[in-house]
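Presented below is the structure to which this report refers.
2 protein chains.
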Amino acid sequence: MNKGQLVEAVAGQLGSRTAAEDAVDAVLDVMVRAVVAGEAVQVTGFGTLESVQRAGRYARNPQTGERVRVKKTTVPRFRAGQGFKDMVSGTKQLPKSGPAVAKAPKGSLTPSKTVAATPTGTKAAAKRSAAAPAVTAKKTTASKAVAARKATAPATKKTAAVSRKTAPAVGKKTAAAAKRSTRRTTA
Amino acid sequence: MNKGQLVEAVAGQLGSRTAAEDAVDAVLDVMVRAVVAGEAVQVTGFGTLESVQRAGRYARNPQTGERVRVKKTTVPRFRAGQGFKDMVSGTKQLPKSGPAVAKAPKGSLTPSKTVAATPTGTKAAAKRSAAAPAVTAKKTTASKAVAARKATAPATKKTAAVSRKTAPAVGKKTAAAAKRSTRRTTA
DNA sequence: TCGTCATGAACAAGGGACAGCTGGTGGAAG
DNA sequence: CTTCCACCAGCTGTCCCTTGTTCATGACGA
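Heads up: the protein sequence lines correspond to chains Y and L, in order.
All the letters of the first sequence, read from the start, carry residue numbers 1 to 187 under the UniProt record's numbering.
All the letters of the second sequence, read from the start, carry residue numbers 1 to 187 under the UniProt record's numbering.
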């Protein structure tokens, strides 16, 4: 579907073609500006469009095979929401009457699971912490990680969204482990 | 920025809040419907929103470390366009007068490079094929790859967008190589 | 306008998935 | 018509995705 076709489809809903052009331009422009400004655009049921920092790396020239250094950059990223993914995967078909975004019927999705999880949530935490070390007999690191997460959980509120990965180690060897730890501490 | 703020920002451009609500609803709804229908929404300068089939695989439960089978599914995917990426990365700042999407000034960007590439495009193909083996003395695979691509180039026009990955090999060992070859042949 | 609830994010470990390098060409948009 | 953008190839390093839980916030009914 082209941009022109998109405008045409929107015109089919708005009724006017001129309004559709303005609508498409305005919506996309606002989203782009917000992302450029570093703000994440989050629409329930549709998805989140945000900007994330990508660490520098070494890529490869397809023709010559030579290693080229790619410096760290910021790229926009879109994460589809649950409803969108469900509709695309076919789990839930899209409603034809109302808009396909931000429509949350009262109890259309897994009502039993939700009501069951809510009251048992308090003691579920204890169950998880107890079960983890038992199964993780082969890996002791997991238990420590869980404990650390519980401790840091109240400290981390929302983080800054942008500024998660700040590993400048491009010329280093791997820096993967360092980046992991960096993410936790949120340097 | 949530949906309400998005509507407000769009209202700032359209002038009316009601029109902004309809605009946001219509645009998102149209995009969602198109993607659900299997059609890719491609807006030049903004990005492409499409649905891709993800082959089944084996993931891992982070708590227990157990391998869990993930059956194949279809998920929406967004790929940002060049202009969008440039603006986010800071290479090109967004224009404040016009919309940030699909704005192509006549010759504002890298005029010398463009005019040089356009007329030489026809014979540039021969130049590339000749230059590649010369530089690729250390890697012969690159030259073969280029030749193969040239042969398949006229055959592949647009492909089906959706239906690229159809490797059902879930219980196999890796299936990565097989999937690669599948992509070329477009089974 | 307030209350309730669904929805999204984070955290962890590890491996599969995938973005993207370069450069030419087709298509698209103005 | 002109000018630009997206795509595509093999190969890598980066990143996302998986489950399950809790917290926080947004969305919606009354």
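Even for Gly, the Cβ is constructed at its ideal location relative to N, Cα and C.
Query raised in the report: At a Cβ cut of 7 Å, what residues of the region 57-81 of chain L count as close to chain Y, listed as they run along the chain?
Result: 63, 64, 65, 73, 74, 75, 76, 78 and 80
Query - Spatial distance of residue 1 of chain Y from residue 31 of chain Y (CA atoms) - result: 20 Å
**Report entry** Distance between residue 71 of chain L and residue 82 of chain Y (C-alpha atoms, nearest Å)
**Finding:** 17 Å
Query raised in the report: Counting contacts by CB-CB distance shorter than 8 Å, is residue 86 of chain Y in contact with chain L?
Result: no
Requested in this report: Anything in the region 3-15 of chain L with a Cβ closer than 7 Å to a Cβ of chain Y? List those residues in chain order, please.
Outcome: 3, 6, 9, 10, 13 and 14
Query - residue 11 of chain Y: CB within 7 Å of a non-hydrogen atom of the ligand PLP - result: As for the ligand PLP, it is missing from this structure, which has no ligand bound.
**Report entry** Whole-angstrom C-beta distance between residue 24 of chain L and residue 49 of chain L, which should lie under 8 Å
**Finding:** The pair is not a contact, with the Cβ atoms about 15 Å apart (cut-off 8 Å).
Query raised in the report: From L/74, L/69, L/76 and L/86, pick the residue whose C-alpha is nearest to that of residue 76 of chain Y; which is it?
Result: L/86
Query raised in the report: Looking at the C-beta of residue 34 of chain L, does it have a partner C-beta in chain Y at a distance below 8 Å?
Result: yes
Report task. Return yes when the Cβ of residue 27 of chain Y is within less than 8 Å of the Cβ of residue 27 of chain L, no when it is not. Result -> yes
Report task. Look up residue 50 of chain L in the DSSP assignment and say whether it is helix, strand or coil. Result -> strand
Requested in this report: Indicate whether residue 60 of chain L and residue 67 of chain L have their beta-carbon atoms separated by less than 8 Å.
Outcome: yes
Query raised in the report: Going along chain Y in order, which residues have a C-beta closer than 7 Å to the C-beta of residue 44 of chain L?
Result: 3
Report task. Could you check the C-alpha separation between residue 190 of chain Y and residue 13 of chain Y for me, to the nearest Å? Result -> The requested residue 190 of chain Y does not occur in the structure, where chain Y is confined to residues 1 to 187.
Query - Nearest neighbour of residue 89 of chain Y, chosen from L/16, L/37 and L/17 [CA to CA] - result: L/37
Query raised in the report: What span of residues does the beta strand (DSSP E) with residue 13 of chain Y cover, start to end?
Result: Note, residue 13 of chain Y: premise wrong, no beta strand (DSSP E); alpha helix (DSSP H) at 3-14.
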